[in-house]
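Engineer:
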Amino acid sequence: MTELLSLAGVHTHVGRYHILQGIDFSVAEGQTTMLLGRNGAGKTSTLRTIMGLWQASAGHISLGGQRIEHSATPDIARLGVGYVPESMAVFSDLTVKENLVLAARDGPLDDARLEWIFGFFPALKRFWLSRAGALSGGQKQMLSIARAIVEPRKLLLIDEPTAGMSVDELPVVLDLIAQLRPTRPRPPCWSSTRWMSCVRWLTASSSCTMASLLPTASRRK
72 MTELLSLAGV
82 HTHVGRYHIL
92 QGIDFSVAEG
102 QTTMLLGRNG
112 AGKTSTLRTI
122 MGLWQASAGH
132 ISLGGQRIEH
142 SATPDIARLG
152 VGYVPESMAV
162 FSDLTVKENL
172 VLAARDGPLD
182 DARLEWIFGF
192 FPALKRFWLS
202 RAGALSGGQK
212 QMLSIARAIV
222 EPRKLLLIDE
232 PTAGMSVDEL
242 PVVLDLIAQL
252 RPTRPRPPCW
262 SSTRWMSCVR
272 WLTASSSCTM
282 ASLLPTASRR
292 K
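If you want my numbering, it's the 1-based position in the sequence shown plus 71.
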């Protein structure tokens, strides 16, 4: 498989704290990679370092063969990387529509792609002109994910994909991931009692968190 993202010997310092200490892994095109670990293991720090929110103090990060460890976050985003942060980070004073308009860097919102997103997250259509701050926690997570995929991306980084969502909403996220990766079958998870089946599906043939690094299908709508 062609390597899309690679980290080699990556260290990250935040102030006097040495957070990441020699991270090595790669993500192939068409592969979902999940980072599993306890709280404080460095999952969020790894994604923030990839996105340039925190600068790596040592090591190499490459995206499609291009070194990005010293790149600014906007430049990394322009390379086709979408990011769903742990905090969701929606613009609370803006409407759902305005949040998505801001995320569409290549031009006006694509109506066909919006309808595809609404098929997974109908609440976003229902609250289209409502303030994002008035949404529930699960709805804010839906908006955060929608914002990351409002345009086709080369790579999607999701920190805690199901944060704030009910167990009944979990299959929706998994189905979305399945459609972003058309080479994989529909996930074998349609009830809250089959969580481990979901995890096994997501981590199959992966280096294996609930922080996810997902190469996406650029041809999707």
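Just so it is clear, CB atoms sit at the ideal spot from N, CA and C, and this is done for glycine as well. Keep in mind that this is a model prediction, so the values were computed, not measured.
(1) Residue ranges of each alpha helix (DSSP H) run of no fewer than 4 residues wholly in the segment 146-174, ordered along the chain?
(2) Helix, strand or coil for methionine 213, going by three-state DSSP, please let me know.
(3) State the DSSP-derived secondary structure class of alanine 194, mapped to helix, strand or coil.
(4) Please say whether glycine 235 and glycine 208 have beta carbons closer to each other than 9 Å?
(5) Is lysine 225 near valine 152, with beta carbons less than 9 Å apart?
(6) Report the CB separation of leucine 180 from leucine 173 in whole angstroms; it is logged as a contact under 8 Å.
(7) Counting Cβ pairs closer than 8 Å, one from the segment 124-137 and one from the segment 77-85, do we hit at least three?
(8) In terms of residues, what are the limits of the beta strand (DSSP E) holding isoleucine 94?
(9) What are the boundary residues of the alpha helix (DSSP H) that includes alanine 249?
(10) Which stretch, first to last residue, makes up the beta strand (DSSP E) that contains serine 133?
(11) Just checking, does the segment 101-110 make contact with the segment 140-152 on the three C-beta pairs under 8 Å criterion?
(12) Where does glycine 123 sit, in a helix, a strand or coil, going by DSSP?
(13) I need the straight-line Cα distance from alanine 99 to arginine 87, nearest angstrom please.
(14) If we call anything under 9 Å between Cβ atoms a contact, is leucine 227 one with alanine 219?
(15) Secondary structure at aspartate 177, three-state DSSP: helix, strand or coil?
(16) According to the neighbour-count rule (16 or more other Cβ atoms, all chains shown, within 10 Å of its Cβ), is proline 232 buried or exposed?
(17) Output yes or no for whether 9 Å exceeds the beta carbon distance between serine 116 and leucine 91.
(18) Helix, strand or coil for glutamine 107, going by three-state DSSP, please let me know.
(19) First and last residue of the beta strand (DSSP E) that includes glycine 80?
(20) In whole angstroms, what separates the C-alpha of leucine 165 from that of alanine 175?
(21) Please state whether the Cβ-Cβ distance between methionine 213 and phenylalanine 192 is less than 9 Å.
(22) Across which residues does DSSP place glutamine 102 in a beta bridge pair?
(23) If you check the beta carbons only, do glycine 123 and aspartate 146 fall under 9 Å apart?
Structural biologist: For this structure:
(1) 167-174
(2) The residue labelled residue 213 in the question sits at position 142 within the sequence shown. Methionine 213: helix per DSSP, three-state reduction.
(3) Position 123 of the sequence shown, counted from the start, is the residue given in the question as residue 194. Residue state, collapsed to three classes: helix.
(4) Within the sequence shown, numbered from 1, the residue matching residue 208 stands at position 137. Within the sequence shown, numbered from 1, the residue matching residue 235 stands at position 164. Cβ distance < 9 Å, so glycine 208 and glycine 235 count as in contact.
(5) Within the sequence shown, numbered from 1, the residue matching residue 225 stands at position 154. Within the sequence shown, numbered from 1, the residue matching residue 152 stands at position 81. Their beta carbons are under 9 Å apart, which means lysine 225 touches valine 152 by this criterion.
(6) In the sequence shown, residue 180 corresponds to position 109, counting from 1. In the sequence shown, residue 173 corresponds to position 102, counting from 1. Not a contact, Cβ separation roughly 11 Å.
(7) yes
(8) Sequence index remark: in the sequence shown, residue 94 carries index 23 (1-based). It spans 88-99 - the beta strand (DSSP E) in which isoleucine 94 sits, taken as one unbroken run.
(9) Along the sequence shown, one-based indexing puts residue 249 at 178. Its alpha helix (DSSP H) spans residues 241-251.
(10) On the sequence shown, residue 133 is found 62 positions in, with the first residue counted as 1. Start and end: 127-134.
(11) no
(12) Here residue 123 refers to the residue found at position 52 of the sequence shown. It is coil, neither helix nor strand.
(13) Position 28 of the sequence shown, counted from the first residue, corresponds to residue 99. Position 16 of the sequence shown, counted from the first residue, corresponds to residue 87. For alanine 99 and arginine 87, the distance between alpha carbons rounds to 33 Å.
(14) Along the sequence shown, read from residue 1 onward, the residue named residue 227 stands at position 156. Along the sequence shown, read from residue 1 onward, the residue named residue 219 stands at position 148. Going by C-beta atoms, leucine 227 is nearer than 9 Å to alanine 219.
(15) On the sequence shown, position 106 is the one that residue 177 refers to. In this structure, aspartate 177 counts as coil in the three-state DSSP scheme.
(16) Here residue 232 refers to the residue found at position 161 of the sequence shown. With 16 or more Cβ atoms within 10 Å of its Cβ, proline 232 is classed as buried.
(17) As a position in the sequence shown, residue 116 is number 45, starting the count at 1. As a position in the sequence shown, residue 91 is number 20, starting the count at 1. Result yes, Cβ atoms of serine 116 and leucine 91 sit closer than 9 Å.
(18) Here residue 107 refers to the residue found at position 36 when the sequence shown is read from its first residue. A small correction: the amino acid at residue 107 is leucine; glutamine does not occupy that position in the sequence shown. It is coil, neither helix nor strand.
(19) For the purposes of this step, residue 80 is identified with residue 9 of the sequence shown, where counting begins at 1. Where glycine 80 is concerned, the enclosing beta strand (DSSP E) stretches over 74-85.
(20) Counting from 1 along the sequence shown, the entry for residue 165 is found at position 94. Counting from 1 along the sequence shown, the entry for residue 175 is found at position 104. Whole-angstrom Cα-Cα distance: 15 Å.
(21) Counting from one through the sequence shown, the residue named residue 213 turns up at place 142. Counting from one through the sequence shown, the residue named residue 192 turns up at place 121. Result yes, Cβ atoms of methionine 213 and phenylalanine 192 sit closer than 9 Å.
(22) Stepping through the sequence shown from its first residue, residue 102 is reached at position 31. Bridge partners of glutamine 102: none, in fact.
(23) By 1-based counting over the sequence shown, the position of residue 123 is 52. By 1-based counting over the sequence shown, the position of residue 146 is 75. Contact: yes.
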